[in-house]
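Student: Input: one structure, supplied below.
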Amino acid sequence: MPSATSKQSTLPASWLLSPRKEQRTCPSPGRQQTSLKSTAALSTVSPPSAVKSVRKGPKKDAKAPTPHKKHTPLIPIDPSKKNYNKRITDVLSELSKTEKNIGNQWKAQAYSKAILSISAYPKPLVSGKEAQDLPGVGGSIAKLVQEIIETGTSERVQNEAKDERLQTISMLMRVSGIGPSAAAKFYDELGVRSISDLLHRPLTRHQKIGMKYFNEFEKRIPRAEMDRWQAIIKDVLEDIDDRFVVTIAGSYRRGQDTCGDIDVLLTHPEFTTSSSSDETPNSNHSVLLQLVISRLHEKGYLTDDISLGDVKYMGVCKLPDVPNTEAHIHRRIDIRLSPIDMYWPAVFHSTGSDQFNRWIRSLAAEQGYTLSEYSLRTKDKKSGAVGTPLRISSEEDIFRLLGVEWRAPEQRDW
DNA sequence: GTCAG
DNA sequence: GCTTATGCGC
DNA sequence: CTGACCGCGCATAAGC
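If you want it as structure tokens, here you go:
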């Protein structure tokens, strides 16, 4: 009900409501989907290769997909392989979670890294010492591993499991908008001991929404529903301006059967970095996202807004209910608007997986580049000086420039 | 907590 | 009122 | 021994 977002669609966006060109050129709506699996992953749309000029014939382009060979070091871990040390990694996961709850993100991450390499170890560990040879496993974790091998668990984990405060904080943090700091404050200063206690406490807008949909947000989104959202969003956007380019990224793009939320990336040929930096009259991109959001509201797809700025929206959506059917579940949806010259790095980044991104970034660094969600730039290893962003007109460009063989999104799932 | 510098 | 810091999510 | 480990958009609190 709050939704402060009601900046109605009084926003004129001159070039926006542009001539509905002939008809569907670019982002042809969802159709294609249906045959998911492989195609679905490439989810999206037509890559407008060059900034301007494009938008012509049917989606041609896609660059010449001619990857050079260039063996990729394949450091990757095969996720399908068996974990011979599950007992150990399970315990370490608890420790990672605890550190995260306390706000020690780096320790939490360190445990996660150790978990990854231990999971990939091809046989059961026999000693902590053996574990310490693995990347990410130092003396401290080696000791833990030794303890787990000997006793089957860790005393520390046992104690933490009995710790009321930790357990409660862990629970509170399941509410979207409550992090380590707020959870600790609720417990220590406001006497909160359960989720329901929160109802009588001052909450931020985000936290109220987190409470309202506490159960729904933890439910996974079936791929079929994701397909529907993709079609809907493309449809609404094309209705506004058929030059919008849309990608549903995240695990959906990697072909997963279920997803945690809906991650939408958006760009428009007339929204470029230059047009965003200077304040020319044409930089009405500042209303672009607002326009999109108000349109989605009008159509009844959005139910709550968590945040809305010029380039990023976070909110809640729900498919229209059909009479005599079970109501649909509320879903978290994020929509980001990128200048077109930053679009493919953004798509690449948001497609993940996180692990894949870490790997590719380290690879980039080795080759004298720095890759972010905004750009791919050269970077001098010595001086650290970075160059200007390279022109990226497709995901393939990124692979090609890094000398890595193309990997479809499903192959980045690690 | 781990690793690189 | 305006500016900066912090929390949060990703 | 010390700092990096992604760091940025948005909402809200804190500071002036």
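Numbering-wise (the working numbering), the first sequence opens with residue 7 and increments by one. Just so it is clear, CB atoms sit at the ideal spot from N, CA and C, and this is done for glycine as well.
1. Exposed or buried, what is N330 when buried is set at 16 or more other beta-carbons lying within 10 Å of its beta-carbon?
2. Could you tell me how far apart the beta carbons of S356 and A255 are, in whole angstroms, since I believe they sit closer than 8 Å?
3. DSSP on L140, reduced to helix/strand/coil?
4. For a quick check, are the C-beta atoms of I154 and R93 less than 8 Å apart?
5. Run through DSSP, which three-state label would K134 get?
6. With DSSP as the reference, please indicate the residues paired to K385 in a beta bridge.
7. Would you report the Cα separation of K129 and N91, rounded to the nearest angstrom?
8. Have a look at K324 and I124 and give me their C-alpha separation to the nearest angstrom.
9. From S160 to D96, what does the alpha carbon distance come to, in whole angstroms?
10. In this structure, how does DSSP classify S118 when only helix, strand and coil are distinguished?
11. Buried or exposed: where does S200 fall if 16 or more other Cβ atoms within 10 Å of its Cβ makes it buried?
12. Below 8 Å between beta carbons: does that hold for D247 and H291?
13. Could you name each continuous alpha helix (DSSP H) segment of 4 residues or more that falls completely within the region 255 to 334, going from the start of the chain to the end?
14. Check whether the region 113 to 120 touches the region 188 to 199, counting contact only when three or more Cβ pairs, one atom from each stretch, lie closer than 8 Å.
15. DSSP has Y375 in a bridge; who is on the other side?
16. Does H336 pass the burial test, meaning 16 or more other C-beta atoms within 10 Å, or should it be called exposed?
17. I'd like to know if the region 174 to 183 and the region 214 to 228 are in contact, where contact means that at least 3 CB-CB pairs between them fall below 8 Å.
18. Run through the DSSP bridge pairs and tell me what I341 is partnered with.
19. Nearest to G390 by CA position, among L178, S300, N165 and Q373, is which residue?
20. My output table needs one value for R171: the three-state DSSP class, helix, strand or coil.
21. Please find out if some non-hydrogen atom of the ligand FAD comes closer than 7 Å to the beta-carbon of L302.
22. Rounding to the nearest angstrom, what Cα-Cα distance links A126 and K87 in this structure?
23. Report yes if the C-beta distance between G393 and R406 is below 8 Å; otherwise report no.
24. Do the CB positions of R260 and R418 come within less than 8 Å of each other?
25. Output needed for K388: all residues of its chain with C-beta closer than 6 Å, excluding positions within five of it in sequence on either side, in chain order.
26. Can you tell me whether DSSP reads S59 as helix, strand or coil?
27. Strictly by DSSP, which residues pair up with P351?
28. How many Å lie between S313 and R234 at the Cα?
29. Where K168 and L343 are concerned, what is the direct C-alpha to C-alpha distance, given to the nearest angstrom?
30. Rounded to the nearest angstrom, what separates Y219 and K191 at their Cα positions?
31. Give me, in chain order, the residues of the same chain whose beta-carbon lies closer than 7 Å to that of T376; leave out the 5 immediate sequence neighbours on both sides.
32. So the alpha helix (DSSP H) V151 belongs to, where does it begin and stop?
33. For V353 and V163, I'd like the C-alpha separation in whole angstroms.
34. Excluding the 5 residues preceding and the 5 following Y349 in the sequence, name in chain order all residues of the same chain whose CB lies nearer than 6 Å to its CB.
35. Quick check on V252: does DSSP put it in helix, strand or coil?
36. With distances taken from CA atoms, which of I121, V151 and E411 is nearest S133?
Tutor: Considering the structure as presented:
1. Translated into positions along the first sequence, residue 330 becomes position 324. It counts as exposed.
2. Here residue 356 refers to the residue found at position 350 of the first sequence. Here residue 255 refers to the residue found at position 249 of the first sequence. The pair is a contact, with the Cβ atoms about 4 Å apart (cut-off 8 Å).
3. Position 134 of the first sequence, counted from the first residue, corresponds to residue 140. Correct three-state label for L140: coil.
4. By 1-based counting over the first sequence, the position of residue 154 is 148. By 1-based counting over the first sequence, the position of residue 93 is 87. A contact, by the Cβ cut-off of 8 Å.
5. Counting from 1 along the first sequence, the entry for residue 134 is found at position 128. Here the sequence assigns Gly to residue 134, which means Lys is not the residue at that position. Helix at G134.
6. Within the first sequence, numbered from 1, the residue matching residue 385 stands at position 379. According to DSSP, K385 bridges with V392.
7. As a position in the first sequence, residue 129 is number 123, starting the count at 1. As a position in the first sequence, residue 91 is number 85, starting the count at 1. Rounded to the nearest angstrom, the two C-alpha atoms are 8 Å apart.
8. Position 318 of the first sequence holds residue 324. Position 118 of the first sequence holds residue 124. Cα-Cα distance, rounded: 40 Å.
9. One-based indexing of the first sequence puts residue 160 at position 154. One-based indexing of the first sequence puts residue 96 at position 90. Approximately 11 Å between the Cα atoms of the pair.
10. Here residue 118 refers to the residue found at position 112 when the first sequence is read from its first residue. The answer is helix: DSSP assigns S118 an H, G or I state.
11. For the purposes of this step, residue 200 is identified with residue 194 of the first sequence, where counting begins at 1. By the 10 Å Cβ count, S200 comes out exposed.
12. Within the first sequence, the letter at position 241 stands for residue 247. Within the first sequence, the letter at position 285 stands for residue 291. No, the Cβ-Cβ distance between D247 and H291 is not below 8 Å.
13. 256 to 259, 279 to 283 and 294 to 304
14. no
15. Taking the first residue of the first sequence as position 1, residue 375 is located at position 369. T384, per the DSSP bridge assignment.
16. Working through the first sequence from its first residue, we reach residue 336 at position 330. Flag for H336 reads buried.
17. yes
18. In the first sequence, residue 341 corresponds to position 335, counting from 1. Paired residue(s): V270 and Y319.
19. By 1-based counting over the first sequence, the position of residue 390 is 384. Among L178, S300, N165 and Q373, the Cα nearest to that of G390 belongs to Q373.
20. For the purposes of this step, residue 171 is taken as the residue at position 165 of the first sequence. The answer is helix: DSSP assigns R171 an H, G or I state.
21. The ligand FAD is not part of the structure shown, which contains no ligands of any sort.
22. For the purposes of this step, residue 126 is identified with residue 120 of the first sequence, where counting begins at 1. For the purposes of this step, residue 87 is identified with residue 81 of the first sequence, where counting begins at 1. Between A126 and K87, the C-alpha separation is close to 7 Å.
23. Along the first sequence, read from residue 1 onward, the residue named residue 393 stands at position 387. Along the first sequence, read from residue 1 onward, the residue named residue 406 stands at position 400. Cβ distance not < 8 Å, so G393 and R406 don't count as in contact.
24. As a working note, residue 260 is residue 254 in the first sequence. As a working note, residue 418 is residue 412 in the first sequence. Yes, these two residues count as a Cβ contact at 8 Å.
25. On the first sequence, residue 388 is found 382 positions in, with the first residue counted as 1. So no residue of the chain qualifies.
26. Residue 59 sits at position 53 when you count from the first residue of the first sequence. Unreliable placement is indicated for S59, whose pLDDT of 31 sits below 50; the coordinate value is still reported in the next sentence. If DSSP states are grouped into helix, strand and coil, S59 belongs with coil.
27. Here residue 351 is taken as the residue at index 345 of the first sequence, counted from 1. Answer by DSSP bridge pairing: none, since P351 is not bridged.
28. By one-based count along the first sequence, residue 313 stands at place 307. By one-based count along the first sequence, residue 234 stands at place 228. Rounded to whole angstroms, S313 to R234 spans 24 Å at the Cα level.
29. By 1-based counting over the first sequence, the position of residue 168 is 162. By 1-based counting over the first sequence, the position of residue 343 is 337. The alpha-carbon atoms of K168 and L343 are separated by roughly 45 Å.
30. The residue given as residue 219 occupies position 213 in the first sequence. The residue given as residue 191 occupies position 185 in the first sequence. Near 22 Å, if we compare the C-alpha coordinates of K191 and Y219.
31. Counting from 1 along the first sequence, the entry for residue 376 is found at position 370. If we look at T376 and ignore the five residues flanking it on each side, its Cβ neighbours are A370, R383, K385 and V392.
32. For this step, residue 151 is matched to residue 145 along the first sequence. It spans G145 to T157 - the alpha helix (DSSP H) in which V151 sits, taken as one unbroken run.
33. The count along the first sequence starts at 1 and reaches residue 353 at position 347. The count along the first sequence starts at 1 and reaches residue 163 at position 157. Approximately 39 Å between the Cα atoms of the pair.
34. As a first step, residue 349 is located in the first sequence; it is residue number 343 there, counting from the start. For Y349, where only same-chain residues beyond five positions count, the Cβ hits under 6 Å are T273.
35. As a working note, residue 252 is residue 246 in the first sequence. Three-state DSSP puts V252 in a strand.
36. Taking the first sequence and counting its residues from 1, one reaches residue 133 at position 127. Among I121, V151 and E411, the Cα nearest to that of S133 is on V151.
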